[in-house]
Amino acid sequence: MDETTFADSYRTASGLTVRKLTEHIGAQIVGVDLSRPIPADAVADIRSAWERHGVVIFRDQDLPAAAHRDFSAHFGPLIGHVVNRFNMADCPEVTILSNITNEKGEKIGADRAGMLWHSDMSFLPRPSMGSLLYGVECPPQGADTEFASMFAAYDALPAEERQRLAGLRGIHDYPWHYRTYLSHRQPLTPEEEAKTPPVAHPLVRTHPSTGRQALYVGEGLTRSIEGMDDDAGRRLVVELSDFATQPAFVYRHKWQPGDLVFWDNRSTMHRATDFDNTYRRLMRRTTIQGDAPFYRPAGH
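Going by the UniProt record's numbering, the sequence shown opens with residue 1, and the numbers climb by one from there.
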């Protein structure tokens, strides 16, 4: 579902306008210049909209890297990418995603990143709480980003399936993901692999702010299910990922330069779509440190 198919809006106490983009996920926030200091009440309203809608979009923003970093830091401590070479030298909290090469013929950022459904840095004991991606140069077609509401996916499951999944844990494995899907890149170093051993997280995750339950599993980074045969666990991962990303639960963002998109990794998944690599693409991302995922039954 894209942003032309759904319309609803409300005004916040700080004077921002929030326009819903789909029934289950996504909203555009209007009335704020992110390159300038943001009042505390506006930050609180942005946080509230982000947690409610899963993804919030700001258009027509002129956002240097330092301003991108400073706005992001309102929402929590920032962490760079595990692969340090993708982080900006003079602003290491900011990660570059790009197909552009330098004078040595090396890519200046992560290219063809995130093209399978995933939640950012789910392979860490404390995965990312949120990510903020800014468009500097965007191809004229393709390179969209799709977002799925894991709240809506969980709510749509039969009650007995929700109960079954609540007792399971997914195995999130970055070195496996890198070897399986990113063979076009320079391999991870032994030190990078050592920083990211597989971790297990609940398949159903309780959102710490809203208390809502969300599926927490994605084809890209969840290798299998703890305690299950690898093949059977992998089949369940793909089945749940496919269920969660059916069109009714998805917002597709068509990028324009100056867009900043801020998503909640605790309640959404996303993936990048393909594009013609003859077009330049340059994006900047910040990542907010999160807490360890947990499952708390409703009413507890």
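In this text, a Cβ means the ideal position worked out from N, Cα and C, and glycines have one as well.
What would DSSP say about Asp264, mapped onto helix, strand or coil?
strand
Counting only beta-carbon separations shorter than 8 Å, does Phe123 have a partner in chain D?
Judged by its chain identifiers, the structure shown contains no chain D, having just a single protein chain.
Name the two residues that bound the continuous alpha helix (DSSP H) containing Leu240.
230–244
Could you tell me the distance, in whole angstroms, from the CA atom of Cys91 to the CA atom of Ala159?
46 Å
Quick check on the burial criterion: 16 or more other C-beta atoms within 10 angstroms. Buried or exposed for Gly299?
exposed
Measure the C-alpha to C-alpha separation of Ser14 and Arg223 and round it to an integer number of angstroms.
Computed Cα separation, rounded: 43 Å.
Would you mind stating whether His177 and Leu132 have Cβ atoms separated by less than 8 Å?
no
Which residue's Cα is closest to the Cα of Glu146: Tyr216, Pro139, Val55?
Val55
Given a cut-off of 8 Å, decide if His184 and Arg271 are closer than it, judged by their beta-carbon atoms.
The beta carbons of Arg271 and His184 sit no closer together than 8 Å.
Exposed or buried, Met115, counting other C-beta atoms within 10 Å across all chains shown (16 or more means buried)?
Around the beta carbon of Met115, a 10 Å sphere encloses fewer than 16 other beta carbons of the protein chains shown; the residue is thus reported as exposed.
Determine, using beta-carbon pairs with one atom in the stretch 269–283 and one in the stretch 67–75, whether at least three such pairs fall under 8 Å.
no
Return helix, strand or coil for Leu282, following the three-state DSSP convention.
It is a strand residue.
Expressed to the nearest angstrom, what Euclidean distance is found between the alpha-carbon atoms of Thr189 and Ile108?
18 Å
Could you tell me the boundaries of the alpha helix (DSSP H) in which Val43 lies?
40–53
I need the straight-line Cα distance from Thr4 to Gly227, nearest angstrom please.
Because Thr4 carries a pLDDT of 42, less than 50, the predicted location of this residue cannot be relied on, and no value is offered for it.
For Gly211, count neighbouring Cβ atoms within 10 angstroms of its own Cβ and tell me buried if that reaches 16, exposed if not.
exposed
Would you please state the rounded distance, in angstroms, between the beta carbons of Gly128 and Ile288? I believe it to be under 8 Å.
Residue 128 is actually Ser in this sequence, not Gly. Between Ile288 and Ser128 the Cβ distance is about 6 Å, and since that is below 8 Å, they are a contact.
One question on the structure: do Gly233 and Met269 come within less than 8 Å of each other, judged by their Cβ atoms?
no
In the DSSP assignment, the beta strand (DSSP E) including Arg223 goes from what residue to what residue?
222–225
Kindly indicate which residue of Ala44, Phe275, Val136 has the alpha-carbon position closest to the one of Leu16.
Ala44
Please specify which runs of the beta strand (DSSP E), each continuous and at least 3 residues long, are wholly inside the stretch 85–120, giving them in chain order.
94–98
Could you pull the DSSP bridge partners for Pro202 from this structure?
Answer is Arg169, bridged to Pro202.
Can you give me the Cβ contacts of Pro175 inside the same chain, cut-off strictly under 7 Å, excluding the 5 residues immediately before and after it?
Leu188, Glu193, Thr196
Measuring CB to CB, does Leu215 end up less than 8 Å from Met150?
Yes, they are a contact pair.
Apart from the five residues just before and just after Ser267, which ones in its own chain have a Cβ nearer than 6 Å to its Cβ?
Gly54, Met150, Phe151, His207, Ala214
What do you reckon, are the CB atoms on Val204 and Ala166 nearer than 8 Å?
yes
With distances taken between CB atoms, is the gap from Gly80 to Asn265 smaller than 8 Å?
no
If you follow the beta strand (DSSP E) that Thr273 is part of, which residue opens it and which one closes it?
Per DSSP, Thr273 belongs to no beta strand (DSSP E) and is neither H nor E.
I believe Tyr134 touches Leu260 by the beta-carbon criterion, under 8 Å. Please report the beta-carbon distance rounded to the nearest angstrom.
5 Å
What's the call for Phe58, buried or exposed, on a 16-neighbour Cβ count within 10 Å?
buried
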